[in-house]
Structures are given as C-alpha cells and as structure tokens.
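Student:
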Amino acid sequence: MPRNHKNRVLPAHGGFRRQITALCAWPECSKYHDPGFINGPIKTNNPSSGTSSKACLMNVFCSTGPKSHKTYGAPRITADLHDEGIDVDRKTVAKSMRRQGIEGISPRSWVPVTTIPGTLSHNIPDRVKRDFDTGALNRVWISDITYLKTNQGWLYLCVVRDGCSRRVLGWAMDDTQTTRLVERALRMAHTLRRGVLDGVVFHADRGTQFTSDQLYRVCQELGIAQSMGRTGVCFDNSMAESFWSTLKNEFYDRRWWATRDEVCGEVARWIEVFYNRQRRHSALGFIPPVQFEQDHARPVRSVGNQQVA
C-alpha cells in the first residue's frame, strides 16, 4: 500500500473523523495483504509449500470482507481462518488488522428505549428470570419490537428468536406497531417449527402489544406460555436488546434508507441470508445459528470410548 495512504482522514457518519488506512480496502485483495502476517508462522492442517499457505490465507482474508458485510473483527476472522485449516491465533490477526487500519463494526453505547406499559388482563409472570438459554431448542422464545427510520417515515420490526440457537424464527414489519405485528411474527415462528411445540415460553416486555388480550388468545391457541419481564427493567429482555444492537450497528445504521419497501426487502435478506445462515455468533462457538441447530439436532453415537456426531 502506498505510504501516503497511511494517515488519510475521511469524514465518517455522524460528523466524526477517524484515521484510516484501508477501511475501503475490504473488497480488494491487494490492499488487504500484510507481509508481516503472511510471512509469519502459519500452520495448516494439510501441510504444503509456503507459497500455497500464503495463497490460502490470502483467499480467506480477501473473501472475509464481502462475506461478513465488512463487519467482522479479529475473533470472527480467526474463526474463518481456522475453518480453512489455517492455525493462527486471534492476537496475530488483530495485530495484522491494526497495521492496516482495518476494524470490525463495534456496538455504540447502548441507550435503553422506554416501553409504554400495557394493562394486563391476565396474570402473566416472568417465567424466564433472565435465563434465556436453557440449553435446548424451543424452550424460550424471545420477542421485541424496534423502529427503523426511512425517508418515508418509521417502520416497525418485530422478531421472535430462539433463546438457545439465537436464530430469528419469525419476523414482521409494518408502519404501525400493533398486536397484529407481533402475531404475524409469532405465527411465522410457529410455522417454521412445524407446530411441534412442548412447553415453549414466549418472553417479551410489558409493552401494550404483548399485554393485549388478542395476543393472549393467540398464545392459548398455539399452546405457548407467555412470560414478561418487569416494567421498565430492560435487562429482563436483554437478549432482544442485544439483537437490535447487532442489527443496527452492523447493518441498518450504515446507510440511508429511502422507502419502506426497500427496508422490508433488505432487512428480510439480512435476517434470513446473513444473520441466520452466515454470521458467526460468539455465544455459539463462532458458528451461525442455523448451523448450530443442525449440529444440535444431529444424533450422537458411540465409537469406542468416544462420542461422535
């Protein structure tokens, strides 16, 4: 990379300015090259010549940017390299990224959004107690609503996620945030799981859309037990808030959106194609949610004294 690129300063979103080396170099192999990293000690599961090791590393490094929507930091890039049989530690990857000025997308400071509490017609307890991941699929489903800004006005998004796999099971978008929005997302999740549910808990906050009598009847129809956190305590639904942070920091807030139709198509694509099937999740051992569910469902058999899938 030319030396005069080292300290180029560009305006960033929100008026901030930052020193970059090659933030725009994610899609370009030549600028992603780091001699110090390539020439360092690299071990592969299939040893070959030094040239092929370097080529393998470059292929993975060059493909990581577009594949991750230019969001991956050192931990996820390291996981990509390990999948390619390249034995390199996270600190080495991080050092190489710092040398080139490349960084993943980091969350901004989280600011809680107040939920308008609804009047409960039924006594719905907090069955989850912040234990969102019970270690099994279809035990706890997490739901919440967020708002997305477009040039046409606000668009509201509701998602339903599995607390174990973090997969988005159902989602719905509309220009109004009503109980019908939640019902559509919940029925989509119910259909995806083929209606075979045994004791699943549907957890949300105490917003009016979730406390309505309409949603209570829907949950009774589907055989789903409702659960709600305390009023005004955002941590009782922190897993949902974490997803909104990922969606907005890694994807939505990185561009301007003109129309609601554009948002509907792109958000749906981000959820189904990238988040569920490609994005490495740190809580899942850096594998995507769908892959985690497939591994989770794979039968285990014994071979000698070992258990293998």
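Residue numbers (full-length UniProt numbering): 1 to 309.
Glycine included, every Cβ here is placed at the ideal spot set by N, Cα and C.
(1) Just checking my contact of Q226 with I145 at CB under 8 Å: how many whole Å lie between their CB atoms?
(2) From the DSSP output, read off the bridge partner residues of T259.
(3) Express the C-alpha separation of C164 and E183 in angstroms, rounding to a whole number.
(4) Residue ranges of each beta strand (DSSP E) run of no fewer than 3 residues wholly in the segment 188-238, ordered along the chain?
(5) Using 8 Å as the cut-off, can you tell me whether the segment 241-256 makes contact with the segment 126-140, which would need three or more C-beta pairs spanning the two stretches below that distance?
(6) What residue does the beta strand (DSSP E) around D162 start on, and which one ends it?
(7) Just how far apart, CA to CA, sit E250 and D205?
(8) Would you say R187 and L222 are within 9 Å of each other, going by their C-beta atoms?
(9) Would you call the CB atoms of G229 and H203 closer than 9 Å?
(10) State the DSSP-derived secondary structure class of H281, mapped to helix, strand or coil.
(11) Can you give the Cα-Cα distance for A193 and A297, rounded to whole angstroms?
(12) The beta strand (DSSP E) with I142 in it runs from where to where?
(13) Look at the alpha carbon of Q214 and the alpha carbon of P288, and state the distance between them as a whole number of angstroms.
(14) Quick test of your reading: F286 and R127, contact by CB under 8 Å. State the CB separation rounded to the nearest angstrom.
(15) Using three-state DSSP, classify L247 as helix, strand or coil.
(16) Thinking C-alpha only, which one of I224, G153 and D198 is nearest V263?
(17) Under a Cβ-count criterion, where at least 16 other Cβ atoms within 10 Å of its own Cβ denotes burial, should Q209 be classed as buried or exposed?
(18) Nearest-angstrom Cα distance between T78 and A172?
Tutor: According to the structure shown:
(1) Taking the sequence shown and counting its residues from 1, one reaches residue 226 at position 226. Taking the sequence shown and counting its residues from 1, one reaches residue 145 at position 145. So it is not a contact: roughly 16 Å between Cβ atoms.
(2) Walking along the sequence shown from the start, residue 259 turns up at place 259. For T259, which the question treats as bridged, DSSP gives no partner whatsoever.
(3) Taking the sequence shown and counting its residues from 1, the one referred to as residue 183 is at position 183. Taking the sequence shown and counting its residues from 1, the one referred to as residue 164 is at position 164. So the two alpha carbons sit approximately 21 Å from each other.
(4) 201-204 and 225-228
(5) no
(6) Residue 162 sits at position 162 when you count from the first residue of the sequence shown. Taken as a continuous stretch (DSSP letters only), the beta strand (DSSP E) holding D162 covers G153 to D162.
(7) Residue numbering aside, residue 250 sits at position 250 when the sequence shown is read from its first letter. Residue numbering aside, residue 205 sits at position 205 when the sequence shown is read from its first letter. Distance between the alpha carbons of E250 and D205: 24 Å.
(8) If you number the sequence shown from 1, residue 187 lands on position 187. If you number the sequence shown from 1, residue 222 lands on position 222. Yes. Within cutoff.
(9) Translated into positions along the sequence shown, residue 229 becomes position 229. Translated into positions along the sequence shown, residue 203 becomes position 203. Cβ atoms of G229 and H203: closer than 9 Å.
(10) Stepping through the sequence shown from its first residue, residue 281 is reached at position 281. Here H281 sits in strand by DSSP.
(11) On the sequence shown, position 193 is the one that residue 193 refers to. On the sequence shown, position 297 is the one that residue 297 refers to. Note that residue 193 is Arg in the sequence shown here, rather than Ala. R193 and A297: Cα-Cα distance of roughly 13 Å.
(12) The residue labelled residue 142 in the question sits at position 142 within the sequence shown. Run containing I142: V140 to T150, per the beta strand (DSSP E) assignment.
(13) The count along the sequence shown starts at 1 and reaches residue 214 at position 214. The count along the sequence shown starts at 1 and reaches residue 288 at position 288. Looking at the two C-alpha atoms, the distance is approximately 34 Å.
(14) If you number the sequence shown from 1, residue 286 lands on position 286. If you number the sequence shown from 1, residue 127 lands on position 127. That belief does not hold up - the Cβ atoms of F286 and R127 are roughly 30 Å apart, past 8 Å.
(15) For the purposes of this step, residue 247 is taken as residue 247 along the sequence shown, with counting starting at 1. Helix, per DSSP.
(16) For the purposes of this step, residue 263 is taken as residue 263 along the sequence shown, with counting starting at 1. Answer by Cα proximity: G153.
(17) For the purposes of this step, residue 209 is taken as the residue at position 209 of the sequence shown. Answer is buried; the Cβ neighbour count reaches 16.
(18) Position 78 of the sequence shown holds residue 78. Position 172 of the sequence shown holds residue 172. Distance between the alpha carbons of T78 and A172 is about 34 Å.
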